[in-house]
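In what follows, a structure is listed as structure tokens, so that the remarks can point back to it.
Residue numbers (the numbering used here): 144 to 429.
Right, dumping it as structure tokens:
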């Protein structure tokens with residue numbers, strides 16, 4: 144038993160530290176990608192080259208001048224012609240498998256970075272070598288109908304949907320307080336039901352609109368809010384199954400109390416005797 148517990152704790156510890164390293168890499172790579180794009184849009188191609196994994200080719204001045212720099216100039220002109228040079232950047236997510244290569248490359252990480260101005264937005268994908276922490280490949284992604292940019296979405300419905308998410312949060316908090324004030328037994332089980340039983344998830348993002356998932360990280364009392372630019376921002380709330388069930392239980396108990404409050408002393412005594420008899424029969428297994 145102790146040996147199995149030790150194995151489980153070891154696996155959990157390794158997984159924890161591995162995930163910490165993964166998220167730290169994602170954070171660092173996101174900063175590097177943003178620095179690359181900022182340098183690119185300011186035409187600082189030397190800085191861009193210093194962030195790239197080019198191997199021995201960095202010492203080949205002819206290769207730099209005839210292949211790499213012209214490619215960076217075309218990259219700059221392509222983005223500038225669509226969105227201008229003054230851009231905003233937002234980290235979207237980290238992926239283990241990149242679309243930049245036909246087959247997954249071991250020990251690499253892909254970063255998605257959103258760029259936008261006051262009219263359009265797009266996504267940059269950068270593939271990093273985990274050994275050197277440098278960019279192996281970078282390009283704009285196709286975001287809509289074969290284009291690398293799309294108009295900024297109207298976020299009116301997005302913020303309206305946030306009201307429904309806050310309503311679910313308020314409902315779960317209300318049920319929690321009512322359970323706390325009630326005479327229910329095993330209250331900790333009720334608290335867990337309210338906190339955890341919030342499925343499936345209803346989600347809304349400015350780009351995808353309304354969509355559903357069984358589970359979408361609705362950790363905090365059935366709700367979550369992700370703020371990652373336009374592409375990654377999402378309101379999430381789960382259907383509060385635990386809260387609804389306990390709300391029904393509380394309502395039923397309140398009705399029973401109101402019913403009993405209207406009974407005479409004789410009727411109350413008769414009701415108590417009936418309950419005691421039922422409990423005795425249940426204890427005897429009849």
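In this text, a Cβ means the ideal position worked out from N, Cα and C, and glycines have one as well.
Sequence-distant partners of residue 186 (beyond 5 residues in either direction) whose C-beta falls short of 7 Å from its own C-beta, in its chain, are 219. The residue from 226, 238, 341 and 270 with its alpha-carbon nearest to that of residue 387 is 341.
The Cβ atoms of residue 380 and residue 344 lie closer than 9 Å to each other. Note that the C-beta distance between residue 260 and residue 235 is not below 9 Å. Taking each of 377, 182 and 372 in turn and checking the Cα distance to residue 255, the smallest one comes out for 372. If only complete runs of 4 or more residues are kept, the segment 298 to 359 shows the alpha helix (DSSP H) at 299 to 324 and 330 to 339, in order along the chain. It is roughly 8 Å from the alpha-carbon of residue 196 to the alpha-carbon of residue 275. Selection 169, 212 and 174 evaluated against residue 189 yields 212 as nearest (Cα-Cα). By the C-beta criterion, the segment 278 to 296 is judged to be in contact with the segment 221 to 228, since at least 3 inter-stretch pairs fall below 8 Å.
The residues 342, 343 and 344, in chain order, have a CB closer than 8 Å to that of residue 357 in the same chain once the five nearest residues on each side in sequence are set aside.
Taking the C-beta atoms as reference points, residue 262 is found nearer than 9 Å to residue 294. Within a 10 Å sphere around the beta-carbon of residue 404 sit fewer than 16 other beta-carbons, which makes this residue exposed. Within the same chain, Cβ atoms closer than 8 Å to the Cβ of residue 227 are found at 260, the five residues on either side in sequence being excluded. Take residue 393, set aside five residues on each side of it, and the residues of its chain with a beta-carbon closer than 6 Å to its own are 321, in chain order.
Following the DSSP letters along the chain, one finds residue 368 inside the beta strand (DSSP E) bounded by residues 366 to 369. Residue 269 is positioned such that its CB atom lies closer than 9 Å to that of residue 172.
By the CB criterion at 9 Å, residue 375 and residue 348 fall inside the cutoff.
Within the same chain, Cβ atoms closer than 7 Å to the Cβ of residue 370 are found at 376, the five residues on either side in sequence being excluded. For residue 212, the enclosing alpha helix (DSSP H) has its first and last residue at 212 to 226.
For a cut-off of 8 Å, the C-beta gap from residue 311 to residue 247 is around 38 Å, too long to register as a contact. Within the DSSP secondary-structure output, residue 278 pairs in a beta bridge with 195 and 271. Pairing residue 237 with residue 422, the inter-Cα distance amounts to about 58 Å.
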